[in-house]
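Colleague:
Numbering (the working numbering), first residue to last: 3 to 166.
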């Protein structure tokens, strides 16, 4: 069971991770497990899904044991990069944009917008990674199609605060 993190600390971790991926400097929490795990996961994710280098991402960041909970991908690094290597050959214009990062203990959660091509409305994806000794050892994900019609609440799946 994971200890709950104070709300402001979670916001700091998210802000630090997002600014780090945008190329800006962010204050660091020296030695923070969450910061270290966030760096591992973001580098893995960007290499695999932004730069279409799933084998390189896996070689650098997936542990000797990799437990996969996505029902379409077997356990292990080789099935991961085999699956996504084929996907990127079939979808060379695929993109993924990380919208939010949350880190707590050995878990890092990414909320992202993934698209097969520019015309695709895409999917909202929540990936949960478990990091152990600097390596990704477990992964879960949840995916939902991004609707093409405006939502009745006026918000997108990634932005908006139209609460009334």
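Note that beta-carbon positions come from the ideal geometry of N, C-alpha and C, so glycine has one too.
On the premise that residue 112 lies in contact with residue 132, defined as a C-beta separation below 8 angstroms, what is that separation, rounded to the nearest angstrom?
Modeller: Taking the first residue of the chain shown as position 1, residue 132 is located at position 130. Taking the first residue of the chain shown as position 1, residue 112 is located at position 110. Residue 132 to residue 112, Cβ: 13 angstroms. No contact.
Colleague: Evaluate the contact criterion for the segment 97-107 versus the segment 37-46: three or more CB pairs, one atom per stretch, below 8 angstroms.
Modeller: yes
Colleague: What's the C-alpha gap between residue 51 and residue 98?
Modeller: As a first step, residue 51 is located in the chain shown; it is residue number 49 there, counting from the start. As a first step, residue 98 is located in the chain shown; it is residue number 96 there, counting from the start. About 6 angstroms.
Colleague: Bridge partners for residue 109 per DSSP, in chain order?
Modeller: As a working note, residue 109 is residue 107 in the chain shown. Paired residue(s): 106 and 132.
Colleague: Between residue 43 and residue 139, which are expected to be in contact by the criterion C-beta below 8 angstroms, what is the C-beta distance as a whole number of angstroms?
Modeller: Taking the chain shown and counting its residues from 1, the one referred to as residue 43 is at position 41. Taking the chain shown and counting its residues from 1, the one referred to as residue 139 is at position 137. About 12 angstroms separates the beta carbons of residue 43 and residue 139, which is beyond the 8 angstroms limit, so they are not a contact pair.
Colleague: Can you give the Cα-Cα distance for residue 118 and residue 124, rounded to whole angstroms?
Modeller: As a position in the chain shown, residue 118 is number 116, starting the count at 1. As a position in the chain shown, residue 124 is number 122, starting the count at 1. One C-alpha to the other measures close to 7 angstroms.
Colleague: Near residue 62, which residues of its chain fall below 8 angstroms by C-beta distance, leaving aside the five closest residues on each side in sequence?
Modeller: Here residue 62 corresponds to residue number 60 of the chain shown, with the count starting at 1. Excluding positions up to five away in sequence, the list reads 45, 46 and 49.
Colleague: Straight-line CA distance for residue 23 to residue 147?
Modeller: Residue mapping note: residue 23 aligns to position 21 of the chain shown, counting from 1. Residue mapping note: residue 147 aligns to position 145 of the chain shown, counting from 1. Its pLDDT being 43, under 50, residue 23 is placed unreliably in this model, and the value from its coordinates should be taken loosely. Distance between the alpha carbons of residue 23 and residue 147 is about 25 angstroms.
Colleague: Looking at the secondary structure, which residues open and close the alpha helix (DSSP H) in which residue 92 lies?
Modeller: Walking along the chain shown from the start, residue 92 turns up at place 90. Unbroken alpha helix (DSSP H) run through residue 92: 79-92.
Colleague: When we look at the beta-carbon of residue 100 and count the other beta-carbons within 10 Å, is it buried (16 or more) or exposed?
Modeller: Position 98 of the chain shown, counted from the start, is the residue given in the question as residue 100. Buried, by the Cβ-count rule.
Colleague: Kindly indicate which three-state DSSP category residue 47 falls into: helix, strand or coil?
Modeller: One-based indexing of the chain shown puts residue 47 at position 45. In the structure shown, residue 47 sits in a helix (DSSP, three-state: H, G or I).
Colleague: I'd like to check one pair, residue 85 with residue 74: are the Cβ atoms closer than 9 angstroms?
Modeller: Sequence index remark: in the chain shown, residue 74 carries index 72 (1-based). Sequence index remark: in the chain shown, residue 85 carries index 83 (1-based). Result yes, Cβ atoms of residue 74 and residue 85 sit closer than 9 angstroms.
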